[in-house]
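S.K.:
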Amino acid sequence: MINSSDPIFASITRDEADTITRLHDQLVAAADADRLLDVAYRTVDSPVGTLLIAATDQGLIRVAYQLENHDQVLQTLSERVSPRILHAPRRLDQVARQLAEYFAGERRDFVLPLDFQLARGFRREVLTRLVMIDYGRTETYSEVAAATGHPRAVRAVGTACATNPLPVIVPCHRVLRSDGTLGGYVGGLHTKAALLSLEAGRQSDTNPTTR
Amino acid sequence: MKRPFEEIVAQHGPTVLRVCRAVLAHPDAEDAWSETFVAALRAYPELDDGANVEAWLVTIAHHKAIDALRARSRRAVPVAEIAETSFTTDAWEPPDDILWAALRALPAKQRHAVAYHHVAGLSYADVATIIGGSTDAARRAAHDGIRTLRRRYRNSQQLPSREGIRS
């Protein structure tokens, strides 16, 4: 990998990987101490694929499915929040643990500070409403619209769900169409069905259109 | 369109480490790396979008290295002793540290020119901006440095131990 133009450096081996890993950890600690780490992120494995999770000082700001392209999600965070972004797994230990418990069926509520800055206006209003839908329950898009005081804003509720920056944690998967079909989901319908099955205490649903 | 800083560390971290090792002995090299990236993280939001990130990082590393060398000399340790100290330390050193040591033994201008052009891959024009002087002077310094380095490194490889590098 050495980009040297002189062959004398060809003998350099990549003994550096371990050193860089260690220095990276030190950088994260120093950045944290100097309050320079605006966005910390890590990935976690889950039954619905690898999730990217990211947090600011304010709280969890983003949960992203692989479908959303994690590199693209980080790039968007860089532009909309801050480019001071580092892979800092320990800053997200609590989130990772609660997610693991949720997917194991051992947790019904997330107790985490949330940063809603990626959702503005009515979309944010919808998200704060979604948090009130209990584990294992579902509501329709029109019920959510009515609950926000804008009963005709059904499509806007759909958009708010589709652009939810905190899926799983803010349970937009608990919102269905009035006819009982799934509607849409940022992580794909299969994932929505799997989360609903998990919360209903069933094995993962393999047919995404049956609900 | 600023990339996440993590990508900057991943892409340029190894190069900056080589540059630091080329101009500073262990453990100063790693300290300089850390200081470089903390300073870069601090300034990153204000960096021009079109900037040459590698040249920017090497420039910061250059200043951190000079600070470190000044701090050393303020502690009144003769230069020859520094080289020796770095070899008697128990700390782990990479297998090619003989090459780095030979590089660090070059006169300052040659050392920086070689590190920034041959190790970091910057153009002679960028090297000249960092170390001062003309582009031609940077090219000459790098050329002279490489010639000395090739001679010394070859000699040191024929020696059974690290002792040889001191001679």
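Protein chains in written order, with my numbering: chain R, 269 to 479; chain D, 7 to 173.
Just so you know, even glycine gets a beta-carbon here, dropped at the ideal spot from N, CA and C.
#1: In chain order, what residues of the region 21-55 of chain D put their CB closer than 8 Å to some CB of chain R?
#2: Applying the 10 Å Cβ sphere with the 16-neighbour rule, what's the burial state of N432(R)?
#3: Suppose contacts are defined by Cβ-Cβ distances below 8 Å. Is V44(D) in contact with A126(D) by that definition?
#4: Taking the Cβ atom as the reference point for each residue, do R158(D) and A121(D) lie within a distance shorter than 8 Å?
#5: Compute the beta-carbon to beta-carbon distance between H118(D) and I137(D), rounded to the nearest angstrom, for a pair I have assumed lies under 8 Å.
#6: According to DSSP, simplified to helix, strand and coil, what is R168(D)?
#7: So, helix, strand or coil for V454(R), using DSSP?
#8: In the region 286-303 of chain R, which residues sit with their C-beta less than 9 Å from some C-beta in chain D, listed in chain order?
#9: Rounded to a whole number of angstroms, what is the C-alpha to C-alpha distance between V248(R) and L319(R)?
#10: In three-state DSSP terms, what is F93(D)?
#11: Taking the C-alpha atoms as reference points, what is the distance between A397(R) and P419(R)?
#12: What runs of the beta strand (DSSP E), each 3 residues or longer, lie entirely inside the region 290-338 of chain R?
#13: Whole angstroms is fine: what's the gap from V438(R)'s alpha carbon to R80(D)'s?
#14: Which value, in whole angstroms, describes the spacing of the CA atoms of E336(R) and P357(R)?
#15: Taking only beta-carbon atoms, is V15(D) less than 8 Å away from chain R?
#16: Given this structure, state the Cα-to-Cα distance separating Y453(R) from A38(D), to the nearest angstrom.
#17: By Cβ distance below 8 Å, which residues in the same chain neighbour R352(R) in space, the five residues on each side in sequence not counted?
#18: Between V379(R) and E407(R), how many whole angstroms is the CB-CB distance? I'm expecting something under 8 Å.
#19: Which residues in chain D sit within 8 Å of H228(R), going by Cβ to Cβ distance?
#20: Which chain D residues sit within Cβ distance under 9 Å of S314(R)?
#21: In whole angstroms, what is the alpha-carbon distance linking T287(R) and A61(D)?
#22: Of the residues that make up the region 332-353 of chain R, which ones have a beta carbon closer than 8 Å to any beta carbon in chain D?
#23: Using the Cα positions of I321(R) and T141(D), report the straight-line distance between them to the nearest angstrom.
#24: Check whether the Cβ atoms of G426(R) and G451(R) sit closer than 8 Å, and answer yes or no.
M.R.: For this structure:
#1: T21, L23, R24, E36, W39, S40, F43, V44, L47, R48, Y50 and P51
#2: Numbered from 1 along the first sequence, position 164 holds the residue referred to as residue 432(R). So N432(R) counts as buried.
#3: As a working mapping, residue 44(D) is identified with position 38 in the second sequence. As a working mapping, residue 126(D) is identified with position 120 in the second sequence. Against a cut-off of 8 Å, the Cβ pair of A126(D) and V44(D) comes out as no contact.
#4: Here residue 158(D) corresponds to residue number 152 of the second sequence, with the count starting at 1. Here residue 121(D) corresponds to residue number 115 of the second sequence, with the count starting at 1. No. Outside cutoff.
#5: Start at 1 with the first residue of the second sequence, and residue 118(D) comes out as number 112. Start at 1 with the first residue of the second sequence, and residue 137(D) comes out as number 131. In this structure H118(D) touches I137(D) by the C-beta definition: roughly 5 Å separates them, less than 8 Å.
#6: The residue labelled residue 168(D) in the question sits at position 162 within the second sequence. For R168(D), the pLDDT reaches just 40, beneath the cut-off of 50, and the residue's location in the model is therefore unreliable, although a value from the coordinates is still provided. Residue state, collapsed to three classes: helix.
#7: Taking the first sequence and counting its residues from 1, the one referred to as residue 454(R) is at position 186. In the structure shown, V454(R) sits in coil (DSSP, three-state: anything other than H, G, I, E or B).
#8: Answer in chain order: T287, I288, R290, L291, H292, Q294, L295, A298, A299 and D302.
#9: Lying before the first or after the last residue shown, residue 248(R) is absent from chain R, which here runs from 269 to 479.
#10: For this step, residue 93(D) is matched to residue 87 along the second sequence. Confidence at F93(D) is low in this model, with a pLDDT of 42, below 50, so the placement of that residue should be treated as unreliable; the coordinate-derived value is given next. Assignment of F93(D) by DSSP, reduced to helix, strand and coil, places it in the helix class.
#11: In the first sequence, the residue the question calls residue 397(R) occupies position 129. In the first sequence, the residue the question calls residue 419(R) occupies position 151. A small fix is needed here, since residue 397(R) is Arg in this sequence, not Ala. Distance between the alpha carbons of R397(R) and P419(R): 13 Å.
#12: 307-312, 319-323 and 328-332
#13: For this step, residue 438(R) is matched to residue 170 along the first sequence. For this step, residue 80(D) is matched to residue 74 along the second sequence. Taking the straight line joining both Cα atoms gives about 57 Å.
#14: Numbered from its first residue, the first sequence carries residue 336(R) at position 68. Numbered from its first residue, the first sequence carries residue 357(R) at position 89. Roughly 20 Å separates the two Cα atoms.
#15: The sequence position of residue 15(D) within the second sequence is 9, counting from 1. Chain R, which has a Cβ nearer than 8 Å to the Cβ of V15(D), makes this yes.
#16: Within the first sequence, numbered from 1, the residue matching residue 453(R) stands at position 185. Within the second sequence, numbered from 1, the residue matching residue 38(D) stands at position 32. If you take the alpha carbons of Y453(R) and A38(D), they lie about 47 Å apart.
#17: Locating residue 352(R) in the first sequence gives position 84, where the first residue counts as 1. Once the five neighbours on either side are set aside, the close Cβ partners of R352(R) are A299, L304, L305, D306 and V307.
#18: Here residue 379(R) refers to the residue found at position 111 of the first sequence. Here residue 407(R) refers to the residue found at position 139 of the first sequence. 22 Å between Cβ atoms; not a contact.
#19: The question about residue 228(R) has no answer, for chain R in this structure spans 269 to 479.
#20: Taking the first residue of the first sequence as 1, we reach residue 314(R) at position 46. Chain D residues near S314(R): none, gap ~22 Å exceeds 9 Å.
#21: As a first step, residue 287(R) is located in the first sequence; it is residue number 19 there, counting from the start. As a first step, residue 61(D) is located in the second sequence; it is residue number 55 there, counting from the start. Here the alpha carbons of A61(D) and T287(R) stand approximately 22 Å from one another.
#22: L342, Q343, L345, S346, E347, S350, P351, R352 and I353
#23: Along the first sequence, read from residue 1 onward, the residue named residue 321(R) stands at position 53. Along the second sequence, read from residue 1 onward, the residue named residue 141(D) stands at position 135. I321(R) and T141(D): Cα-Cα distance of roughly 47 Å.
#24: Indexing the first sequence from 1 puts residue 426(R) at position 158. Indexing the first sequence from 1 puts residue 451(R) at position 183. Their beta carbons are under 8 Å apart, which means G426(R) touches G451(R) by this criterion.
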